[in-house]
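Undergrad: Residue numbers (the working numbering): 5 to 586.
For every residue, glycine included, the Cβ atom is placed at its ideal position computed from N, Cα and C.
1) Would you kindly report the start and end of the unbroken beta strand (DSSP E) that includes residue 540?
2) Assuming residue 311 is part of the alpha helix (DSSP H), what are its boundary residues?
3) Return the CA-CA distance between residue 501 and residue 539, expressed in angstroms with no decimal places.
4) Pull up the distance between the alpha-carbon of residue 168 and that of residue 206, whole angstroms please.
5) On the DSSP bridge assignment, give the partners of residue 30 in chain order.
6) At the level of alpha carbons, what is the spacing between residue 492 and residue 234?
7) Under 8 Å between the Cβ atoms of residue 312 and residue 484?
8) Is the number of C-beta pairs between the region 455-472 and the region 306-324 that are closer than 8 Å three or more?
9) Determine the burial state of residue 1: buried for a count of at least 16 other Cβ atoms within 10 Å of its Cβ, exposed for fewer.
10) Is the region 117-130 close to the region 186-204, with three or more CB pairs under 8 Å?
11) Between residue 374 and residue 364, which are expected to be in contact by the criterion C-beta below 8 Å, what is the C-beta distance as a whole number of angstroms?
12) Of the residues 260, 397 and 269, which one's Cα is nearest the Cα of residue 324?
13) Which full runs of the alpha helix (DSSP H) of 4+ residues lie inside the region 183-225, going along the chain?
14) Beta carbon of residue 11, beta carbon of residue 87: below 8 Å?
15) Measuring CA to CA, which of 299, 278 and 236 is closest to residue 262?
16) If we count the other Cβ atoms within 10 Å of its Cβ and call it buried at 16 or more, is residue 320 buried or exposed?
17) What are the start and end residues of each continuous alpha helix (DSSP H) run of 4 or more residues lying completely inside the region 116-189, in chain order?
18) Should the region 134-141 be regarded as contacting the region 48-59, the criterion being three or more beta carbon pairs within less than 8 Å?
19) With burial defined as no fewer than 16 other Cβ atoms inside 10 Å of the residue's Cβ, what is the status of residue 314: buried or exposed?
20) Is residue 327 buried or exposed, if buried means 16 or more other CB atoms sit within 10 Å of its CB?
21) Short of 6 Å in beta carbon distance, which residues of its chain neighbour residue 215, apart from the five on each side in sequence? Order them along the chain.
22) What residues in its chain sit with their C-beta under 8 Å from that of residue 549, if we drop five residues either side in the sequence?
23) For the putative contact between residue 31 and residue 185, defined by C-beta atoms under 8 Å, what is the C-beta separation to the nearest angstrom?
24) Whose CA, out of 60, 70, 128 and 93, lies closest to the CA of residue 524?
25) In chain order, what residues of the same chain have a beta carbon less than 6 Å from the beta carbon of residue 346, not counting five sequence neighbours either side?
26) Looking at the structure shown, is residue 550 part of a helix, part of a strand, or coil, going by DSSP?
27) Does the region 78-85 come within contact of the region 430-443, defined as at least 3 CB pairs closer than 8 Å?
28) Taking the runs of the alpha helix (DSSP H) that are 4 residues or longer, which of them lie wholly in the region 313-344?
29) How would you call residue 333, buried or exposed, if buried means at least 16 neighbouring beta carbons within 10 angstroms?
30) Measuring only the C-alpha atoms, how far is residue 450 from residue 390?
31) Assuming residue 229 contacts residue 199 under a Cβ cut-off of 8 Å, what Cβ separation, rounded to an integer in Å, is found between them?
32) Output the distance between the C-alpha atoms of residue 202 and residue 432, rounded to the nearest integer angstrom.
33) Excluding the five sequence neighbours on either side, which residues of its own chain have a C-beta within less than 7 Å of the C-beta of residue 277, listed in chain order?
34) Please state the DSSP three-state secondary structure of residue 55.
35) CB-CB under 6 Å to residue 182, same chain, minus the five flanking residues each way: which ones, in chain order?
36) Specify, as a first and last residue, the run of the beta strand (DSSP E) that residue 247 falls within.
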């Protein structure tokens with residue numbers, strides 16, 4: 005269970021081997037930031053080693069994937085969207101054109117592919133289990149078309165890629181690797197288990213799994229293929245001081261966290277010994293960032309920002325879409341008022357006088373006409389996707405990216421890095437769009453941009469931040485391998501933590517239980533709710549000295565919030581103190 009110390013024997017063996025100068029092992033974790041955290045922890049302890057010794061499963065397997073290519077992130081949604089636009093199944097005719105529907109179907113396809121269930125296997129099971137109705141048939145038709153398109157392009161989804169790699173590893177040696185450790189996984193899918201089994205043919209393999217219902221099937225599979233179980237049943241760490249803080253609002257809640265961080269730091273506690281765990285970044289990360297900046301608290305936020313939400317991307321996207329819409333002035337108002345446009349804010353008021361209106365003439369006082377006119381000429385041309393990708397990179401001339409002014413602050417440097425990483429994401433997205441279209445035939449710029457915009461919606465912007473002495477603000481999934489003296493868990497409201505999951509529209513829970521009994525482990529909404537409970541247990545087992553849980557009584561409108569039932573249960577435990585925010 006969480007807090008029982010599953011990671012400690014693994015890390016102990018890693019330290020032993022590093023201390024002996026050995027490099028014959030691999031420690032594999034689910035995410036790049038988790039790998040970074042463990043590498044930094046070992047480096048601070050004085051160990052020097054090649055970074056590939058502590059890595060993600062994906063990066064480790066890249067060394068065995070010659071000739072195999074995983075589909076780019078935006079490929080599947082684009083394939084599904086194209087499939088629906090050509091000929092949508094009758095069951096989807098009324099919703100095929102809705103925004104997000106193709107993304108939903110792509111996600112559902114990915115769910116099945118990730119557990120090793122291709123369309124032919126799923127089709128056979130649906131018929132045998134009596135699941136074939138119009139909606140299921142429509143999904144299978146879409147899945148089949150998407151799978152055929154992926155095969156034609158030589159792309160694999162993650163589940164099939166892992167299965168292929170497992171076969172390669174099974175038949176070949178794993179040179180220089182005597183031990184492989186899987187750590188930090190909530191569970192393991194069937195393709196991941198295939199990889200673990202294949203590695204076990206050539207090396208010792210250790211896998212840590214948490215004690216919760218979502219990991220039961222993976223545990224049973226590992227036992228069946230010969231793994232030996234070493235259970236850890238007791239909480240390893242002493243129970244920290246546990247406090248529930250009641251705040252009137254979210255603003256008061258995050259300021260109270262800041263106040264307590266400052267108080268801890270004033271006693272000599274290093275910033276790096278404290279952390280804030282969030283269920284997700286959407287609601288609380290902006291508020292925490294603002295509060296910490298006001299109080300001068302150095303913090304690292306371990307979240308990637310969706311590229312489409314970055315100001316630089318929103319500006320470029322806004323200008324291009326305004327051009328495609330005939331240079332509508334109302335559509336241009338937002339992008340032209342952004343700081344990255346580099347325009348004098350006073351000119352914006354002159355531009356407002358042209359509203360409502362269209363065309364480029366009114367933009368002349370605002371400058372950058374060469375770039376805008378060049379973009380305007382593209383609208384009547386047809387070029388190959390590769391040429392459009394090269395031209396799209398020239399849109400950088402529309403940006404004004406000021407260098408941080410002296411004296412440098414870390415916040416200013418992070419903003420500059422953020423802009424650089426956003427531009428890098430833009431370049432990658434237009435390149436991915438060209439690869440996706442994969443044709444030497446000339447197309448209109450609007451068609452190319454449609455694909456580029458889809459790639460941008462799937463892209464992330466992650467800003468490098470190598471500071472050591474900072475407060476860590478992390479997602480609960482990332483928190484699995486962290487242990488900190490002082491931990492805050494905020495936003496404990498119903499629908500925030502825990503979140504609630506509805507049944508799937510194509511395969512409801514009854515259908516998913518039938519599929520699970522037949523060997524296809526796709527999760528039900530009930531299992532997703534069980535995961536919420538498990539994640540709460542993870543979040544509340546990371547602290548060694550003090551654990552502070554909090555929730556706001558009211559929302560921004562003054563309406564009363566519904567406090568998380570998890571928090572109510574926690575507050576009733578013996579020894580829990582309840583304190584008001586100051």
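TA: On the basis of the data shown:
1) That residue, residue 540, is in no beta strand (DSSP E); its alpha helix (DSSP H) goes 529-543.
2) Premise fails: residue 311 is in no alpha helix (DSSP H) and is neither H nor E.
3) For residue 501 and residue 539, the gap between their C-alpha atoms comes out near 9 Å.
4) Rounded to whole angstroms, residue 168 to residue 206 spans 17 Å at the Cα level.
5) Paired residue(s): 184.
6) If I take the Cα positions, the gap works out to 31 Å.
7) No; because the gap between Cβ atoms is not below 8 Å, this pair is not in contact.
8) Touching, yes.
9) The requested residue 1 is not part of the displayed model; the chain covers only 5 to 586.
10) The region 117-130, when compared against the region 186-204, does touch it at the 8 Å Cβ threshold.
11) Going by Cβ atoms, the distance from residue 374 to residue 364 rounds to 11 Å, so no, they are not a contact pair.
12) Residue nearest to residue 324 within the set 260, 397 and 269 is 397 (criterion: CA-CA distance).
13) You should have 194-204.
14) Inclusion of residue 11 and residue 87 in the CB contact set at 8 Å is not warranted, their separation being larger than that value.
15) Considering only alpha carbons, the answer is 299.
16) Flag for residue 320 reads buried.
17) Residue ranges of uninterrupted alpha helix (DSSP H) with 4 or more members, entirely inside the region 116-189 and ordered along the chain, are 123-132, 138-157 and 162-175.
18) Contact fails between the region 134-141 and the region 48-59, because fewer than three Cβ pairs, one in each stretch, are under 8 Å apart.
19) That one is buried.
20) Classified as buried, residue 327 has 16 or more neighbouring CB atoms from the shown chains inside 10 Å of its CB.
21) Within the same chain, residue 215 has close Cβ partners 5.
22) Beyond the five residues adjoining it in sequence on each side, residue 549 comes within less than 8 Å, by CB distance, of 244, 245, 489 and 490 in the same chain, given in chain order.
23) For a cut-off of 8 Å, the C-beta gap from residue 31 to residue 185 is around 5 Å, short enough to register as a contact.
24) Nearest C-alpha to residue 524: 128.
25) Excluding sequence neighbours, residue 346 sits near 404.
26) Note: residue 550 maps to strand in three-state DSSP.
27) With contact defined as three or more Cβ pairs closer than 8 Å, the region 78-85 and the region 430-443 are in contact.
28) Counting whole runs of 4 or more residues, the region 313-344 contains the alpha helix (DSSP H) stretches 315-328 and 333-340.
29) Buried.
30) Annotation: residue 450 to residue 390 spans about 14 Å, alpha carbon to alpha carbon.
31) The Cβ separation is near 12 Å, so there is no contact.
32) C-alpha separation (whole angstroms): 34 Å.
33) The answer, listed in chain order, is 488, 489 and 490.
34) Here residue 55 sits in helix by DSSP.
35) Apart from sequence neighbours up to five positions away, the residues of its chain that approach residue 182 with a beta-carbon distance below 6 Å are 28 and 207, ordered along the chain.
36) Start and end: 245-251.
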